[in-house]
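Below is one structure, written out as structure tokens, with a few remarks after it.
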Amino acid sequence: MIYLKTDEEIELLRISNQIVAKTLAEIAKVIKPGVSTADLDKIAEEYIRDNGGVPGFLGYHGYPKSICTSVNDEVVHGIPSEKVILKDGDIVSVDCGVYKNGFHGDSAYTFCVGDVNPEIVALLKTTKESLYKGIEQATEGRRLGDVGHAIQSYCEERGYSVVREMIGHGVGRNLHEGPEVPNYGRRGNGVMLKSGMTIAIEPMINMGKRQLTFDKDGWTTRTIDKKASAHFEHSIAIRQGKADILSSFEYIEQVLGSKAL
Ligand code: MF3
Ligand code: CO
């Protein structure tokens, strides 16, 4: 189901998404070689609860943690663990959800750990830029194919591949609701966007082949060729002329300073 939101409901979605944004900034402060992904999870859960929210992912279809942490060739849904210690040169996608006032926030950012190979930094930059290319298309009267096409063409022109098995989604009272939001598509195809729709756009872009494998833990997805994958996500509200971005990377990028992508 696609639920159109009132202006008041969109403000509640903004509150949840702003907590997500600030949680990701708390994580940005501590990411460095030697930190475990379980440490990041603990910081996130504490910050979310201190701000009157509940981790939106915890318990979702049995998901065991508050954030997803996907390292290097992991695409999405990596489970935080004391055994996963970040090391110099890694990249880690941190995906975070907050539930508050009956609405979900959902946003993700891929961080560099120490010094990362410039080719991988370029993948991260392109993926982040492609998210904004998609958002540019996400206005009243356009179609989801326009959004997917913008992301796909931007990334493929630069030699990267677009994951198909996982896609973005509507977001609201449910973490996942309609419509489905693929990161690929054809111009002029798909669901027509209407003011008041709220969606999470989340390109997952691979350095090599687009195909994935699924780990035995039932969650972690990784690239079939073990090459790096990047993931950025914003929750937005559809409006006439220009989308309203409800989450934010500003707090993260303040923390990262000159090291921001
Ligand atoms: N942003 C992720 C998604 O939409 C959140 C998944 S959370 C989990 O797929 F709870 F399913 F892990
Ligand atoms: Co999402």
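In my numbering, the protein residues as written are 24 to 284.
By construction, the Cβ of each residue, glycine as well, lies at the ideal position given by its N, Cα and C atoms.
Every value quoted in this text rests on a predicted model; they were computed, and no experiment measured them.
Query	Result
Ala44 Cβ short of 7 Å to ligand 2 heavy atom set	no
Pro56: first and last residue of the uninterrupted beta strand (DSSP E) it sits in	It is not in any beta strand (DSSP E) - Pro56 carries neither H nor E in the DSSP assignment.
First through last residue of the alpha helix (DSSP H) which encompasses Leu147	141-160
Inter-stretch contact (C-beta, 8 Å, three-pair minimum) for the segment 102-111 and the segment 83-91	yes
Simplified DSSP assignment, three categories, for Ser281	helix
Exposure label - Pro78; buried when at least 16 CB within 10 Å	buried
Near ligand 2: Glu188 beta-carbon under 7 Å from a heavy atom	no
Span of the beta strand (DSSP E) around Ser176	It is not in any beta strand (DSSP E) - Ser176 instead sits in the alpha helix (DSSP H) that spans 167-180.
Cβ shell of Ile246 (< 6 Å), same chain only, five flanking positions each side left out	In the sequence under discussion, the amino acid at residue 246 is Thr, which differs from the Ile named in the question. Within the same chain, Thr246 has close Cβ partners Asp96, Asn229, Ser252.
Reduced DSSP secondary structure (H/G/I, E/B, other) of Ser39	helix
Glu32 to Ala266 span [Cα, whole Å]	16 Å
Test item: CB-CB of Leu198 and Val98 under 8 Å	no
Cβ neighbours of Arg210 in the same chain (closer than 7 Å, five flanking residues each side left out)	Gly168, Asp169, His172
Tyr155 CB to nearest heavy atom of ligand 1 below 7 Å	no
Any 3 or more C-beta pairs closer than 8 Å across the segment 118-127 and the segment 185-199	yes
Test item: CB-CB of Thr92 and Val53 under 8 Å	no
Close beta carbons around Ala283, own chain, < 6 Å, minus the five adjacent residues each side	Glu276
N-terminal and C-terminal residue of the beta strand (DSSP E) that Ser116 is part of	114-123
Limits of the unbroken beta strand (DSSP E) element including Ala251	From DSSP, Ala251 is part of no beta strand (DSSP E); its letter is neither H nor E.
Presumed contact (8 Å Cβ cut-off) between Leu154 and Phe255, rounded CB distance	5 Å
Beta-bridge partners of Asn229, as assigned by DSSP	Ser184, Ser252
CB of Asp7 within 8 Å of CB of Asp111, strictly	Since the first residue shown for the chain is 24 and the last is 284, residue 7 is missing from the structure and cannot be characterised.
Any non-hydrogen atom of ligand 2 within 7 Å of Gly191 CB	yes
Buried or exposed (CB count within 10 angstroms, at least 16 for buried), His84	exposed
For Gly193, the first and last residue of its enclosing beta strand (DSSP E)	191-193
Straight-line Cα distance separating Gly164 from Lys55	43 Å
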